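**Q** Input: one structure, supplied below.
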C-alpha cells in the first residue's frame, strides 16, 4: 500500500467524524467528535512516514471501534 | 413499572413546562442530556408516547462514584462475552488457551500503567476486595511479631472497616489525623511508626475531597523504617502518573469502574522484590498465585486491561482538559456566589473531584433542587445515612458547612456545556435557597451566627 497521502488522511478524518455522530449517548458522541478533532489537529505536522502510518493504522482501528459501538 | 411510567411522565411534564431555558443551541442538550434512542430499561410502551421525544436523563457529574464504560473498553470486552468464553484456567483446549492469553495480556496492560511487573498483579473483584486482601492479608501473615498498623482518618470505608475488624482480632491500629488541608503530617507519621508496625495504608487521591497525599515521601519514610506501604489508588490510577518503584509502594489497590472500565473487577499490586507476603483471604484452587482463588472473569479483566491502556494513552490529554473544566467551574461559582468554601488543599488536589461547601444552604436540599444534574454530597458508600461525611469532619469542617457540601466530579466525557449548565443551575438554586433562609437574613444584617445563644426548648 502506498504511503498515506493527505487525501487519505482527510477521508479517514471525515469518515471518523461521520461515524461518531451516530453515537446515541450525548457524552460518547461529544467525546468522540472532540477527541478525533484534537488528535488529528495535534498530529498534523508529523513528517516521519513510519509514524504517520502508525497513526493512520491506529485511526483505522478506532474507526472500526466507532462503527461497531455507535 | 409504575416508577418508570412516572419518570416518563415527569420528563414530559418538565419539557412541556415553560421554564427558563439556557441559550444552548447544541443539538441534544436542552434542559438535560438528550439520548436519541431510549435504553432497554424503558419499557416497550414508549412507542405509545411519541410526544416525549428523546428520553432526557440528568447530566452525570458524579465520576467519583463510578464512570461510564469507554467505548474502546466495551469493544475489547465483547468478543470475550460472545465467542471466546472459555475458562482461562482450563489448560487442555483452545478455549482455555485463548482466554488465558487475553488474561495475561490484560495483566501486562495493568502492570505497565503503574510501572510494575505483570507477575505482581492479582485480579480481584474490585478495590474493596483488594483493600481487604492488602490490610488483613499482610497483618495476619506477620501477626506473630508485628501487631500494629497505621492508617488515616480519611480512608475509604473498606479500609477503616478492615482495620476495625483487625482490632477485634487483637491488632492495634493508629488512625492518623489529617491537617485542615486534608493532607497528613509526615512528622506525625514518622512518630507513629513503632518497631512492631507491619503496614501503613494511605490513599493516593481521596474520593470525597480530591486531595493528593504525598505518596512518594510516605513511601520513602516507610521503606527506610522497613514498614510495608499500601495505597488505595482507586481514584488515582490512570489519572495521575504513578510508579510503584519511584514511589516505593509495596501494595496498591486498583478499581475497574473508576477508570472507565467495567464494574466488578479490580486488581491488587503486590511487590515481589522485596517479597511482600500476604495471607490469602479466599481459599480455593490456587488461582492468581494462591492469593485469590476463583475463576478469573476474562471479559472483566480484559476490560480492566483495556481501560488501563486507554488511560495510559489519554492521561495527559484528559488531565489538561479536566484541569481546565475544573478551573472554569470553581471560578464561575466563586465569582457569582459569596461564602463558598472549597474543601481540601487547593494545590495538592486532583482537579476532577471538587468538593464545595455552600454556607447557609442545606446540602441535601441543594442536591434535590439540582435534580437534572447527578451529584453527590460525599461518597456513595455513605450516601444512605444522613450524617455529614467523616472525611469532612476529619479535616475540621464546621458541622454546618459539612452539611452543605456538594461533590462535583469531572471526567473524560464531561463537556464544557455540562459544566456551564451545572454552574448556572447551582448559582440559581443556591441564591434561591439562601433567599428562603432566615440564617442568611441574619448574616446579611451583620449578625455573627456564632454569637447567638439558641435557647433550649
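Protein chains in written order, with this note's numbering: chain A, 2 to 71; chain B, 1227 to 1683. Quick reminder that beta carbons are idealized off the backbone N, C-alpha and C, glycines included. Source: prediction; values computed, not measured.
Taking a cut of 7 Å between CB atoms, which residues from the segment 1638 to 1660 of chain B lie near chain A?
**A** Flagged, chain order: 1638, 1639, 1641.
**Q** Is there a C-beta anywhere in chain A that falls below 7 Å from the one on residue 1624 of chain B?
**A** Counting from 1 along the second chain, the entry for residue 1624 of chain B is found at position 398. Closer than 7 Å: no.
**Q** Taking one C-beta from the segment 1536 to 1553 of chain B and one from the segment 1384 to 1397 of chain B each time, how about it: are there three or more such pairs within less than 8 Å?
**A** Judged by Cβ distances under 8 Å, the segment 1536 to 1553 of chain B makes no contact with the segment 1384 to 1397 of chain B, as fewer than three pairs qualify.
**Q** Helix, strand or coil for residue 31 of chain A per DSSP?
**A** In the first chain, counting from the first residue as 1, residue 31 of chain A sits at position 30. Note: residue 31 of chain A maps to helix in three-state DSSP.
**Q** Can you find the residues in the same chain that come closer than 6 Å, C-beta to C-beta, to residue 1295 of chain B, ignoring five residues on each side of it along the sequence?
**A** In the second chain, counting from the first residue as 1, residue 1295 of chain B sits at position 69. Once the five neighbours on either side are set aside, residue 1295 of chain B has no close Cβ partner at all.
**Q** Determine the chain A residues that contact residue 1294 of chain B at a beta-carbon separation under 9 Å, and present them in chain order.
**A** The residue you call residue 1294 of chain B lines up with position 68 of the second chain. Ordered by position in chain A, the residues that pass the 9 Å Cβ test against residue 1294 of chain B are 26, 28, 29.
**Q** Count the other CB atoms within 10 Å of the CB of residue 33 of chain A; is the residue buried (16 or more) or exposed (fewer)?
**A** As a first step, residue 33 of chain A is located in the first chain; it is residue number 32 there, counting from the start. That one is buried.
**Q** Using alpha carbons as the reference points, say which of A:50, A:5, A:14, A:19 lies closest to residue 39 of chain A.
**A** As a working mapping, residue 39 of chain A is identified with position 38 in the first chain. Measuring from the Cα of residue 39 of chain A, the nearest candidate turns out to be A:14.
**Q** In the DSSP output, what is residue 1581 of chain B paired with across the bridge?
**A** The count along the second chain starts at 1 and reaches residue 1581 of chain B at position 355. BP columns for residue 1581 of chain B point to B:1633.
**Q** If I measure Cβ to Cβ from residue 1422 of chain B and keep anything under 6 Å in the same chain, skipping five residues before and after, which residues do I get?
**A** Stepping through the second chain from its first residue, residue 1422 of chain B is reached at position 196. Contacts found: 1372, 1373, 1374.
**Q** Among residues of its own chain, excluding the 5 on either side of residue 1311 of chain B, which ones have a beta-carbon nearer than 6 Å to its beta-carbon?
**A** As a first step, residue 1311 of chain B must be located in the second chain, where it is residue number 85. For residue 1311 of chain B, where only same-chain residues beyond five positions count, there are no Cβ hits under 6 Å.
**Q** Taking C-alpha atoms, which residue in B:1668, B:1378, B:1460 lies nearest to residue 1491 of chain B?
**A** Translated into positions along the second chain, residue 1491 of chain B becomes position 265. Residue 1491 of chain B has its Cα closest to that of B:1460, out of B:1668, B:1378, B:1460.
**Q** Comparing C-alpha positions only, which one of B:1517, B:1580, B:1639 sits nearest to residue 1559 of chain B?
**A** Against the second chain, residue 1559 of chain B aligns to sequence position 333. Comparing Cα-Cα distances from residue 1559 of chain B to each of B:1517, B:1580, B:1639, the minimum goes to B:1580.
**Q** Can you find a C-beta in chain A that's less than 7 Å from the C-beta of residue 1331 of chain B?
**A** Translated into positions along the second chain, residue 1331 of chain B becomes position 105. For residue 1331 of chain B, the answer is no, since every Cβ of chain A falls outside 7 Å of its Cβ.
**Q** With distances taken Cα to Cα, identify the nearest neighbour of residue 1446 of chain B among B:1359, B:1438, B:1465, B:1416.
**A** Numbered from 1 along the second chain, position 220 holds the residue referred to as residue 1446 of chain B. Answer by Cα proximity: B:1416.
**Q** Assuming residue 1528 of chain B contacts residue 1302 of chain B under a Cβ cut-off of 8 Å, what Cβ separation, rounded to an integer in Å, is found between them?
**A** Taking the second chain and counting its residues from 1, the one referred to as residue 1528 of chain B is at position 302. Taking the second chain and counting its residues from 1, the one referred to as residue 1302 of chain B is at position 76. Yes, residue 1528 of chain B and residue 1302 of chain B are in contact; Cβ-Cβ is about 6 Å, under 8 Å.
**Q** Between the segment 45 to 70 of chain A and chain B, which residues of the former have CB atoms less than 9 Å from a CB of the latter, in chain order?
**A** Within the segment 45 to 70 of chain A, the qualifying residues are 63, 65, 66, 67, 69, 70.
**Q** Under 8 Å by Cβ, that's how I've got residue 1569 of chain B and residue 1618 of chain B pegged, so tell me the actual separation to the nearest angstrom.
**A** Stepping through the second chain from its first residue, residue 1569 of chain B is reached at position 343. Stepping through the second chain from its first residue, residue 1618 of chain B is reached at position 392. Indeed, because the Cβ distance is near 6 Å, the residues count as touching under 8 Å.
**Q** Going by C-alpha distance, which of B:1573, B:1641, B:1663 is nearest residue 1440 of chain B?
**A** Residue 1440 of chain B sits at position 214 when you count from the first residue of the second chain. It is B:1573 whose Cα lies nearest to the Cα of residue 1440 of chain B.
**Q** With distances taken from CA atoms, which of B:1453, B:1638, B:1643 is nearest residue 1545 of chain B?
**A** Your numbering for residue 1545 of chain B matches position 319 in the second chain. Of B:1453, B:1638, B:1643, the residue nearest in Cα terms is B:1638.
**Q** Would the segment 1506 to 1523 of chain B and the segment 1477 to 1484 of chain B be scored as touching if the rule is three or more Cβ pairs under 8 Å?
**A** Cβ pair count under 8 Å is below three, so no.
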